[in-house]
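Going from the first sequence to the numbering used here is simple: count from 1 and add 5. What follows is one structure encoded as structure tokens, with my remarks underneath.
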Amino acid sequence: MDFADRLCSWFSENMRDMPWRHTRDPYSIWVSEIMLQQTQVDTVIPYYERFMKRFPSVEALARASLEEVLALWQGLGYYKRAENLHRGARYIMEQHGGHFPVDPAALRKIPGIGAYTAGAVLSIAFGIPAPAVDGNVMRVLSRLFLMEQDVGQAKSRPAFEEKVMSLLKGDPGVFNQAMMELGALVCTPRKPDCPVCPVNGFCQAYKRNTVEQYPVKAGRPKPVTERYRVLVICRSGSYWMEKRPGEGLLAGLWGFPLIGEEQWRLVEPMLEKKRILKRVCHVFTHRRWELEPVLIEVSESCGTLPIDFSVPADLGGFQTPEQMQRLPVPTVFRKVIRQLDDAGA
DNA sequence: AACTCGGGGTT
DNA sequence: AACCCAGAGTT
């Protein structure tokens, strides 16, 4: 039995059940792969179920509004993925008559499909031998072959893709998924379970007892802390929310106005009804927000606040709790809303 | 090549 | 607290 035989036979007996493993429909595989980018399987599953129920086909997704797609995506993170998925559906309708191209170069032109996702769709949906190299696969390969390339660097990718192709045999979709499953269940980042690994006989790092020295990866800088006051402006039971700018962090999502300390010092003395809520902390990959929410009650337009209440309704407005529920509001602002609820507001 | 872009699970 | 996750796009 060679490497692929052992790997795939282990996979057939140990693979987890996932909704997208019951189909080879390219649209279904595409949606799952986009959601799974930098996101763990158990986190994705409920989002995937809801998404496929609402948008069962490329046509259905292409017809939808971006707002509705973002609303289903809220809480999943990396919201550009949702925008690209939506754009991609319209692109596939217009450029390919609603059918997925079976060609690698054509797939790569679809927004949001990069080297990994193209390989995943080609192999899983179409059975084409193509490398699908994600973080799991790089870790497995680096241990198998003592690969010293930094897995965080783009220039390392070709070496990993070559190794995959040298091992690939049988059904490419099964093989690629088996490699990822091995990385997720056995060849884990810390404390890998080498004694039960079906391919430990092929693993050079296991042979030398250096498994935990792989993969090689440069460290990340710590998130930078930013502090803001959050203006939670209440007018007769509704709350002021704004659509964030189209670029940058949490682009296009809805939230409360954030102001720095210096601006707060100008506004704070002029406010009558205010109430400081419990601090909210939220960590992004490279930033850490420490938020101090301030509940402010106003009757009419409050000129002392640095807010323009006369913007178009699609850019900002007073929202009832029910309306807030339907808007795409990222987790950090949901945390603020939670403090509001806890405070009995 | 480096930076940006979320949120949550694990250890 | 550190690390990682079925990565891609921009600069």
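Glycine is no exception: its CB is placed at the ideal position from the N, C-alpha and C atoms. Since the structure is predicted, the reported quantities are computational estimates derived from the model, not experimental observations.
With respect to the beta strand (DSSP E) encompassing residue i, which residues constitute its N-terminal and C-terminal limits?
| i | result |
| --- | --- |
| Leu236 | 229 to 240 |
| Lys248 | 243 to 248 |
| Arg225 | Counting along the chain, Arg225 falls outside any beta strand (DSSP E), and DSSP gives it neither H nor E. |
| Arg2 | Coverage of the chain is limited to positions 6 through 350, which leaves residue 2 absent and any answer about it impossible. |
| Lys279 | 279 to 281 |
Could you spell out where the alpha helix (DSSP H) holding residue i opens and where it closes?
| i | result |
| --- | --- |
| Ser70 | Element bounds for Ser70: n/a, residue is neither H nor E. |
| Phe323 | Taken as a continuous stretch (DSSP letters only), Phe323 belongs to no alpha helix (DSSP H), being part of the beta strand (DSSP E) at 321 to 324. |
| Met170 | 162 to 172 |
| Cys13 | 8 to 19 |
| Ile39 | 31 to 41 |
| Arg59 | 46 to 59 |
| Thr336 | 336 to 347 |
| Lys212 | 209 to 213 |
| Ala183 | 177 to 190 |
| Arg195 | Unbroken run through Arg195: none, as it is neither H nor E. |
| Gln268 | 266 to 272 |
Kindly list the residues whose CB is nearer than 8 Å to the CB of residue i, restricted to its own chain and excluding five residues on each side of it in sequence; keep chain order.
| i | result |
| --- | --- |
| Val337 | Leu255, Gly260, Val285, His287, Trp294, Leu296 |
| Met170 | Pro134, Pro136 |
| Glu54 | Pro24 |
| Glu266 | Arg232, Arg234 |
| Pro228 | Val288, Phe289, Thr290, His291, Arg292, Arg293 |
| Pro31 | Phe105, Val126, Ala130, Phe131 |
| His101 | Ala111 |
| Ala348 | Arg280, Leu282, Lys283, Leu300 |
| Arg249 | Leu255, Ala256, Gly257, Leu258, Trp259, Gly260 |
According to DSSP, which residues form a beta bridge with residue i?
| i | result |
| --- | --- |
| Cys286 | Glu295 |
| Gly260 | Glu247 |
| Leu300 | Val237, Arg280 |
Output needed for residue i: all residues of its chain with C-beta closer than 7 Å, excluding positions within five of it in sequence on either side, in chain order.
| i | result |
| --- | --- |
| Gly103 | Val63, Glu64, Ile97 |
| Pro116 | Asn89, Arg92, Gly93, Tyr96 |
| Leu77 | Arg55, Phe56, Arg59 |
| Cys192 | Arg144, Val145, Arg148, Cys202 |
| Val216 | Arg148, Pro197, Cys199, Ala210 |
| Gln268 | Pro311 |
With a threshold of 6 Å on Cβ separation, who are the neighbours of residue i within its own chain once the five nearest residues in sequence on each side are excluded?
| i | result |
| --- | --- |
| Ala125 | Glu38, Ala137 |
| Arg113 | Ala123 |
| Trp245 | Ile238, Phe323 |
My assumption, with CB atoms under 8 Å, is that residue i sits in contact with residue j. Please give the rounded CB distance.
| i | j | result |
| --- | --- | --- |
| Glu247 | Gly321 | 4 Å |
| Leu172 | Ala9 | 6 Å |
| Val204 | Val156 | That pair is no contact at about 19 Å. |
| Ile264 | Leu236 | 7 Å |
| Gln209 | Phe150 | 6 Å |
| Thr44 | Gly82 | 7 Å |
| Leu75 | Leu258 | 7 Å |
| Tyr121 | Asp139 | 5 Å |
| Ile312 | Pro262 | 6 Å |
| Ser241 | Gln324 | Between Gln324 and Ser241 the Cβ distance is about 12 Å, and since that is not below 8 Å, they are no contact. |
Exercise. Where in the stretch 74 to 144 do unbroken runs of the alpha helix (DSSP H), each at least 4 residues long, occur, reported from the N-terminal end onward?
Worked result: Fully enclosed alpha helix (DSSP H) runs of 4 or longer: 85 to 101, 109 to 113, 120 to 131.
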